[in-house]
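In the numbering used here, the protein residues as written are 165 to 303.
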């Protein structure tokens, strides 16, 4: 799992991990590596009328429906952020780990997705990008 994020700011920004390349034709998506070392990071910000708990349930359902056989490893709150946020970690049948970050603020949801080979260490630049995306000070 990603370490808890500290020193959060205003956030809510679609910022890719430092040094990663935008995925051609995709909106707010970045990649690094190739083959078995390939990693992807995505950002989505959309209207949402529910609570953080509603979003956490939605995230879990979405992942389990889109990745048959996925297993939820756990979900941790990101208490250091000014608004509530969390990261849920899933093991996928494809031997990949998917970390779904999520928060709700100002009737909007922000979600990040980080996909990497299971067993590969988390890229620190992803932690920084997730911090910028998820640590939102409600306006």
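By construction, the Cβ of each residue, glycine as well, lies at the ideal position given by its N, Cα and C atoms. Since the model is a prediction, treat every value here as computed from it, not as a measurement.
- Residue 266 and residue 227 do not touch by the CB rule: their CB atoms are close to 11 Å apart, not below 8 Å.
- Residue 212 is not bridged by DSSP to any residue.
- The stretch 215-227 makes no contact with the stretch 180-193, as fewer than three CB pairs between them are under 8 Å.
- Under the 8 Å Cβ criterion, the stretch 206-214 does not count as touching the stretch 232-244, having fewer than three qualifying pairs.
- In the displayed model, residue 289 falls within a helix according to three-state DSSP.
- DSSP links residue 277 through a beta bridge to 206, 264.
- Note on geometry: alpha-carbon atoms of residue 196 and residue 283 lie some 16 Å from one another.
- Here residue 279 is actually not in contact with residue 242; their C-beta atoms are around 19 Å apart, not less than 8 Å.
- Just so you know, the alpha carbons of residue 292 and residue 229 end up roughly 28 Å apart.
- A Cβ-Cβ distance of about 5 Å is found for the pair residue 181 and residue 290, placing them in contact under the 8 Å criterion.
- The stretch 214-251 contains, as complete beta strand (DSSP E) runs of 3+ residues, the segments 235-241 (chain order).
- According to the DSSP assignment, residue 195 belongs to the beta strand (DSSP E) that extends over 193-196.
- Secondary-structure assignment with DSSP links residue 298 through no beta bridge to anything.
- In the structure shown, residue 282 adopts coil according to DSSP, grouped into three states.
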